Amino acid sequence: MKNLPTYIRCLTAAFLASAMLMACSDDWNDHYESEKTSSQSIWQTIEANHDLSNFARILKACGYDKNLNGNQSYTVFALDNNTLTDHETDSLIGEYNRQKGKGVRDNDNTVVHQVVQNHIALYRHSVSEFSNDTIVMMNGKYEPITAEGINGNAFTAKSISCANGELYQLAGRISYFPNIYEYLGKDEDLDSVYTFLKSYSVYQFMESASVPGEIVNGKTTYLDSVVVLQNSLFEQLGQINAEDSTYWMLAPTNSEWSRLVNEYSNYFVYQNSIAKSDSMQYANTRMAILRGAFFNRNANPDKAFRDSAVSTTAQSLRHGSIILLPGYVFYHPFNSGGIFDGATNITCSNGNVLKTAHYAIDKRNTFLQDVKVEAESYSAQDSIVDAVIPLTTRTVSSTNPWYGKISGNGYVDIVASNTSTDPNHYPMPNVYFTLPNLLSNVGYDIYVVTAPVTAYDENATADELLPSRFRCILYYVNQAGKQQTKRLKIFTNDPTKVDTIQVASDFKFPVTSYGLSKSPTRLQVWSNVQRNQTSTYSQDMHIDCIIVKPHEE
């Protein structure tokens, strides 16, 4: 008995719903209840309809008569002859054949991609009076569909349920709306950036999504071969070809691209012995332009976006012992002088292209950054001479006054160790630190940062608080791969503070180590304390980090 009121309410709701449905107009009922059915395939149904003869001609010219006559299910939105004229049909077929004659594959053929696949969806999609949905067309475009039509184009005839899918007839062509990647390929001013991105594109056959046909000579043929565009650069920069993502891309025009390439290529000169050195220079030069140019709008909501544009590269700045200082974030991008200032904004199906003849992304905020090498990192310590091995890593306690003032709250002790059997040998401990990812033809300032002993031991004795005295030597190679040496001065630190000592100024390396697994560039930090100087200087060194910064006047 307790459930009776609920039961009655359900009956009442059902009755009211039935009454509302009965009150629908006769036209509405005719539209859905009189939907036609056909035992024929979609292609046979289209071919038999004289009003769809032009649409049929395009389908057949592009080979889609075979697709629509097979077992795979489709939904087709056909264009009648009032929408698709004889002249337009001839022009489209001619363009298809012209591109095919030039070797353009069907997936890249604009007639197939922008017209045929723009009016066909995989699988059967029916509509009802309650339809308010989105379907995915064969070219990946998302189109809103309702009871009345698709993407604002009204249905002009009753839908036909065919043996292998649904057939609708439209009053107008479904507009083709390019995504960011497609737009780059349409705009002649952006040929350069598009050509570079496209060079990484490959199509991969998806057997699981393809429709198998007959077996010929022991091999399966496919009525519908599904291939998917893959691009390794999109994995790094942003999926600008994906219809279910939203991005903004700052795209330099051809003239601006050429200017940047001419400038940046000097920074990526590799030694001749490096495999594919020319290809590395070519690719890294162009990636240096693009790494800060992609913005995922999911990570940049409107309000935050106006204050700071966070590029897709901004979160990937750590690589082993190297720490690139913060970059790839651009403040007040829409303001005068901001990165979007003066750019032409083009709306695409999955975001926006900002086309610019003045690329305002500062290289000092992207690829030309400071490089910091943590001395306590084992991967940074290339070789160790006359010092206790392994070097002792010190961690700064959270209660120590130096906490937060030393990079990573850690440093390394380089302590003298005489392992020689020669009694006259006096140890001068020294360490070679690898300097990775430095660019060619860039003036660099190089700093050695030392830590005070009290960062680890607040009760250090007077003898332990003596300053260090050290020499620095740079080792690097020229383009021919020949070892080069640059002896720097002797330096003394202040043991009472975190001391940043400049050991080189505006020094230019002839080749880059960018992206190499092993850099040939090393900085030797060598204790330079003689026997008669031990009361004035400490043989030991306490190194926090090495910082390499682009020189600024």
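The number in my numbering is simply the position in the sequence shown, starting from 1, with 54 added.
Note that beta-carbon positions come from the ideal geometry of N, C-alpha and C, so glycine has one too.
As the structure is a prediction and not an experimental result, all values here were calculated from the model.
For methionine 76, which of helix, strand or coil comes out of DSSP?
In this predicted model, methionine 76 has a pLDDT of only 38, less than 50, meaning its place in the structure is not dependable; the value taken from the coordinates is given anyway. Secondary structure of methionine 76 (DSSP, three-state): helix.
Skipping 5 residues on each side, what residues in its chain have a beta carbon closer than 7 Å to that of phenylalanine 288?
Ile294, Asn295
Whole angstroms is fine: what's the gap from tyrosine 510's alpha carbon to valine 450's?
When rounded, the distance between both Cα atoms is 6 Å.
For glycine 292 and arginine 360, what's the separation of their Cα atoms in angstroms?
20 Å
Tell me where the beta strand (DSSP E) around valine 383 begins and ends.
For valine 383, the uninterrupted beta strand (DSSP E) segment begins and ends at 383-385.
CB-CB under 6 Å to valine 130, same chain, minus the five flanking residues each way: which ones, in chain order?
Ile96, Ile174, Leu221
Pairwise C-alpha distance: glutamate 430 and isoleucine 460
12 Å
Okay, do the region 239-256 and the region 296-314 touch, 3+ Cβ pairs below 8 Å being the bar?
As far as the Cβ criterion goes, the region 239-256 touches the region 296-314, which means the pair count is three or higher.
Minimum length 3: unbroken beta strand (DSSP E) runs contained in the region 168-230:
174-176, 186-190, 196-200, 214-216, 219-224
Among residues of its own chain, excluding the 5 on either side of asparagine 463, which ones have a beta-carbon nearer than 7 Å to its beta-carbon?
Thr449, Val450, Tyr457
Between the beta-carbon of valine 17 and the beta-carbon of isoleucine 597, is there less than 7 Å?
Outside the displayed span of the chain (55 to 607) sits residue 17, for which this structure offers no information.
Restricting to runs no shorter than 3 residues, where is the beta strand (DSSP E) found entirely within the region 384-471?
398-402, 405-410, 425-428, 435-439, 446-449, 464-468
Inter-stretch contact (C-beta, 8 Å, three-pair minimum) for the region 546-554 and the region 329-347:
no
For isoleucine 13, which three-state DSSP category applies?
No answer is possible for residue 13: it lies beyond the span of the chain, which begins at 55 and ends at 607.
With 16 as the cutoff for other CB atoms within 10 Å, does isoleucine 500 come out buried or exposed?
Burial call: buried.
Check each candidate in Glu268, Ser403, Gln284, Val169 and name the one with the smallest Cα separation from valine 256.
Gln284
Output the distance between the C-alpha atoms of valine 170 and leucine 113, rounded to the nearest integer angstrom.
In a straight line, the C-alpha of valine 170 is about 7 Å away from that of leucine 113.
Pop quiz: aspartate 488 and phenylalanine 322 are said to be a contact at Cβ under 8 Å. What is the actual Cβ separation, rounded to whole angstroms?
The amino acid at residue 488 is misidentified as aspartate; the sequence shows threonine. 19 Å between Cβ atoms; not a contact.
Name the two residues that bound the continuous beta strand (DSSP E) containing lysine 562.
553-562
If distances are taken between C-alpha atoms only, which option among Asn205, Lys156, Ala201 comes closest to alanine 211?
Ala201
What first and last residue would you give for the beta strand (DSSP E) that runs through leucine 133?
128-133
Checking the sheet assignment: what are the DSSP bridge partners for glycine 497?
Lys562
Please report the straight-line C-alpha distance between asparagine 193 and proline 444, rounded to a whole angstrom.
59 Å
Using alpha carbons as the reference points, say which of Glu512, Trp580, Thr453, Lys90 lies closest to cysteine 216.
Relative to the Cα of cysteine 216, the nearest Cα in the group Glu512, Trp580, Thr453, Lys90 belongs to Lys90.
Look at the alpha carbon of aspartate 560 and the alpha carbon of lysine 603, and state the distance between them as a whole number of angstroms.
9 Å
Only counting the same chain, and skipping five residues up and downstream in sequence, which positions put a Cβ closer than 7 Å to that of threonine 274?
Pro266
Going by DSSP, name the residue or residues bridged to threonine 488.
Residue pairing from DSSP places threonine 488 in a beta bridge opposite Arg576.
Mapping DSSP to helix, strand and coil, what is methionine 482?
coil
From the DSSP output, which residues share a beta bridge with cysteine 599?
For cysteine 599, DSSP records a beta bridge to Glu428, Val503.
Confirm, please, whether the CB-CB distance from isoleucine 555 to serine 502 is below 7 Å.
The displayed chain sequence assigns valine, not serine, to residue 502. Yes, the Cβ-Cβ distance between valine 502 and isoleucine 555 is below 7 Å.
Which residue comes first and which comes last in the beta strand (DSSP E) that contains phenylalanine 322?
Annotation for phenylalanine 322: no beta strand (DSSP E) segment contains it, and DSSP assigns it neither H nor E.
Looking only at DSSP bridge pairs, what is methionine 303 linked to?
Phe348, Val407
Do you know whose CA, among Ser362, Thr99, Asn135, lies nearest aspartate 105's CA?
When each option's Cα is compared against that of aspartate 105, the closest is Asn135.
The alpha helix (DSSP H) enclosing threonine 143, as first and last residue numbers:
140-155
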